[in-house]
Every structure is written in structure tokens, then in C-alpha cells.
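Here's the structure, in C-alpha cells; my notes come after.
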Amino acid sequence: MPFFMAGISILGVVMRASVFWAGFVAVTIFPTVYAQAETLEDAWIQAYQTNPSLQATRASLRATDEQVAEAVSNWRPSVDATTNYGQISQDISTPGFSGTNNFSGTTKSYGVEVKQPIFRGFRTISETNAAKKQVRSERAKLQSAEQQLFLDTAGAYLDTIRDEEILNIEIYNVTMLEQRLVETQVRYEHGDLAQTDVHEAESRLERAKVNRYQIENTLAADRTNYMRLVGKVPENLRDPEVILDQSKKLDDILQTAQTRNPDVVAAWYALQEANSEVDLNEGSLLPEVNLVANATRSHGQDVTIPGREDDAQVVLQATVPLYRSGADYAKTRAAQQTVTQRRMELEDTRHKAVETAHDACRTLIRARLALDADREEVEAANLALQGITVAARVGTRTTLDVLNAQQELADAEIDMAKSKHDSNLAILQ
Numbered sequence: 132m133p134f135f136m137a138g139i140s141i142l143g144v145v146m147r148a149s150v151f152w153a154g155f156v157a158v159t160i161f162p163t164v165y166a167q168a169e170t171l172e173d174a175w176i177q178a179y180q181t182n183p184s185l186q187a188t189r190a191s192l193r194a195t196d197e198q199v200a201e202a203v204s205n206w207r208p209s210v211d212a213t214t215n216y217g218q219i220s221q222d223i224s225t226p227g228f229s230g231t232n233n234f235s236g237t238t239k240s241y242g243v244e245v246k247q248p249i250f251r252g253f254r255t256i257s258e259t260n261a262a263k264k265q266v267r268s269e270r271a272k273l274q275s276a277e278q279q280l281f282l283d284t285a286g287a288y289l290d291t292i293r294d295e296e297i298l299n300i301e302i303y304n305v306t307m308l309e310q311r312l313v314e315t316q317v318r319y320e321h322g323d324l325a326q327t328d329v330h331e332a333e334s335r336l337e338r339a340k341v342n343r344y345q346i347e348n349t350l351a352a353d354r355t356n357y358m359r360l361v362g363k364v365p366e367n368l369r370d371p372e373v374i375l376d377q378s379k380k381l382d383d384i385l386q387t388a389q390t391r392n393p394d395v396v397a398a399w400y401a402l403q404e405a406n407s408e409v410d411l412n413e414g415s416l417l418p419e420v421n422l423v424a425n426a427t428r429s430h431g432q433d434v435t436i437p438g439r440e441d442d443a444q445v446v447l448q449a450t451v452p453l454y455r456s457g458a459d460y461a462k463t464r465a466a467q468q469t470v471t472q473r474r475m476e477l478e479d480t481r482h483k484a485v486e487t488a489h490d491a492c493r494t495l496i497r498a499r500l501a502l503d504a505d506r507e508e509v510e511a512a513n514l515a516l517q518g519i520t521v522a523a524r525v526g527t528r529t530t531l532d533v534l535n536a537q538q539e540l541a542d543a544e545i546d547m548a549k550s551k552h553d554s555n556l557a558i559l560q
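Right, here's the structure in full:
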């Protein structure tokens, strides 16, 4: 068997005239045509547009985007207007002179100040770089959330189809066992079979009913999970045929997983952001230079200036940190340790991506081999049931043999439905 697994991508999810890329290798889905059937693409589109968890992740990304604008704003000037208004009263006594100088009146002033940063110890550059890296990390996280939503939706879709098929098998099995019970009772009344045969048929029928109840409960849980992800109750789901591009080898898959997996990309940008945070904290130890211009007009300030006074100035302010009680150094050391943490998280994420790729490959190989074996088992079990049924009617086989053959056929059909589900899900994984 050629190695068929390639780094996964889900293409063909078209919504709002856009193609949303969710992985790495083309997965094509060819559904059988049914009227008014709901396809897997339909479920993906509905989930992409309405899933509240994904909407929350998008809102988080938009909030993170604003941090870039906040960082870039440190390049621009700030303009503030000031004003005050109040009553003033002064009583000034001068030694050696008789009398006092009194002043009472209304004081008011208004002005404007413009502050233009010139140099902030390279902190503006570091803040901007950190904000941009964080945005890219959040974008990769959004892509990871989209892919996980697509995979979860596909899982719920395939789970529902699998359990609907199993339920049909169980319902048919109950129907067949009911018919065999009636046949067994008739033959017992005619003396061809013993009471034990009737009890065996009744026991198998009740067991089949229990299995049907259990799968009905499982199917109800599948439908609830589907509704949580997609936002609507599944109706008339179309069984998809998922085909994987088989041109890539395992080494290509693992290389893709280590470099293009969205979680790996997010972890890499988180590391770059941590490096920028180190530069930002080191910049707080450097001088800061600002250009400040202000103009003020005041009325009735005090006894010496009872009239109007206008002031205007343009100054270059420089601040040189001399001693900051060690806080800036501590923040820098903490940022350096965060870099180490992010680097280790990146390596761990790469290992998990490789593990996921390996697991998907093994699961797909195993599921395809199991599916081929299950098809042959179903065919053989069906032929065996037919032969044993005929033999039982002529008395060379017992009722228990027929019931066992019927159960083996049902089990084989259920196993085939599970293997088909596992194969499709492994391709998407």
C-alpha cells in the first residue's frame, strides 16, 4: 500500500464568495446526489458563520489588532487643552511699611500643550514589533480554531451518519429476530422444535432491543453535539466520500506539521513577541527625549499681576534614569525567562504536531485495512446466514446456530459502519 497521508487541508469550503483554507493537503468530498440533503460543506459553512466560540475568537483578534495602533501612537504628538476658573483673595503685609496690599477677584486661565516624543529608548519600536507579533500569533490561533471547528463539525457529522446507519442495522435486526421468533413458535407448536428454542429466540430479541435503545440514546447525543457546533438540528445528512491526496510521503507530512501547523505558527510568533518584550523592558533604562510646546493666557492671577498675562514656550525635555530601585532590571530578567518559556512551548507544540500527524497516519492505515476486512466479513456472514437458515429448516442446524449467524452479520455490518467513519475522520485529521 502506498503511503497516502499528506499534511491536511480542507478545500472547498466556500462562504461569502471566499475559500477558507483549513490545512495543507487537498481533501475532496464527492457526495451522492439526494434531493434536499445536507452536505458536509453545508455544515462547515453554517458552523463558520454562526458558531459562537469562533465568533468570540474573531472578536479577541480584533481587540488584539488595536494594540498595534496603540503602539504606533507613541510616534505621534499629543495635544492637551487646560483651563481653570475661580476666586482669589490675597492679603500681603510688607515689613517696614504701614498698611497691606489687598487683592480680591476672579482668576481664570486657559492654554494648550503639545508634546512630541523624540526618543523613548527604542521602546516605541519594541512595542510596535511586540504588538505585530502578537497579532500574527492570534491570527494563527484563529486559524487553528477554525480548523478545530471544521474537524469537530465533521466529527459530529460523521458520528451522526454512523449511528444512524447502526440504528437502521439494529432496527432491521430486531425485525428479523421478531420474524424468527414467530417462526420458532410456529415450529414449536407443530412439535419440530423445543421450548428451549423459543426461549433462545426471545432472549436474542430482547438483547437486540436493548442494543437499539442504546444506539438511539447515542444518536440523540450526536445530534445534540451537532446542533451545538452548527447551530441547527441535522436533517437528511448526505454520506460524503472523502478522498485524500496520496502524493506526499511521511517525511513531507512531518515537515509540514512542524512548520505550517497553526499552533506551531502561533507559538513561533509568541516567541518573537517575548523577544520584543525584552527589548521593551531594556529600553526603560535608556534616556527619553520629548519636545514640549505650550501657550497659556491668564487673567487676575494675584496682586502683582492683576491683569492679563500671556505665556508661551518651546522646550526640549530630556529624562535620564539614574536609579529606579531595581524594578526595571527585575522586569527585564522576567522577560528573558518568558523567552525561555516560549521557546520550550514552541518545541512542545512541534512535538505534539508531529505526534498528531503520526497518529492520523496510523489511524487511517488501520481504518482502511479494517474497512476492507469488514466488507469481506459482511459478505461472508451474509452467505453463512443464508446457508444456516436453509439448513435449520431441514433440521441439520439448530435455532441457536441461526441466531448466532444473524448476530454475526449484524455485528459485521456495525463494524463496517464504524470503520468507514474512522477512515473518513482520519483523512480529515
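Note that the numbering used here has the sequence shown beginning at 132, numbered continuously upward. Ideal placement from N, C-alpha and C gives every residue a C-beta, glycine not left out.
With contacts defined by Cβ atoms closer than 8 Å, Q389 and R493 do not form a contacting pair. Secondary structure of R439 (DSSP, three-state): strand. Under the criterion of beta carbons closer than 8 Å, L531 and E309 do not qualify as touching, at roughly 17 Å.
Note that the C-beta distance between Y357 and A276 is not below 8 Å.
The beta carbon of E508 is closer than 6 Å to those of A543 in its chain, skipping five residues each way along the sequence. The way I'd put it, the stretch 234-251 doesn't touch the stretch 379-387; fewer than three beta-carbon pairs between them come closer than 8 Å. Across the structure, G217 and P208 are spaced so that their CA atoms are roughly 30 Å apart. Under DSSP, the beta-bridge partners assigned to N215 are S240. When secondary structure is reduced to three states using DSSP, V305 falls in the helix class. The beta-carbon distance between L298 and L350, rounded to whole angstroms, is 6 Å. This is short enough to meet the 8 Å contact definition. Secondary structure at Q560: coil, using DSSP grouped into helix, strand and coil.
Per DSSP, the continuous alpha helix (DSSP H) segment holding A397 begins and ends at 393-414. In terms of Cβ geometry, Q468 and K264 do not form a close pair [threshold 8 Å].
For V373, the enclosing beta strand (DSSP E) starts and ends at 373-375.
Under the DSSP definition of a beta bridge, K246 partners with S209, V423.
Restricting attention to E337, V199, N425, the CA atom closest to the CA of V446 is found in N425. The three-state secondary structure of A449, taken from DSSP, is strand. The criterion of a C-beta distance shorter than 8 Å is satisfied by L495 and I558.
E366: not part of any alpha helix (DSSP H); DSSP gives it neither H nor E.
In the DSSP assignment, P183 falls within the alpha helix (DSSP H) that extends over 183-203. Under the DSSP assignment, V521 falls in the alpha helix (DSSP H) whose first and last residues are 458-524.
Here DSSP, grouped into helix, strand and coil, assigns R428 to strand. With fewer than 16 other Cβ atoms inside 10 Å of its own Cβ, L417 counts as exposed.
For Q444, the beta-bridge partners assigned by DSSP are N425. Pairing A397 with A501, the inter-Cα distance amounts to about 36 Å. Counting other Cβ atoms within 10 Å of its Cβ, V313 stays below 16 and is therefore classed as exposed. The residue from L360, T255, S257 with its alpha-carbon nearest to that of D283 is L360. In this structure, L422 keeps its C-beta atom at 8 Å or more from the C-beta atom of A488.
L556 places its beta carbon 8 Å or farther from that of A174.
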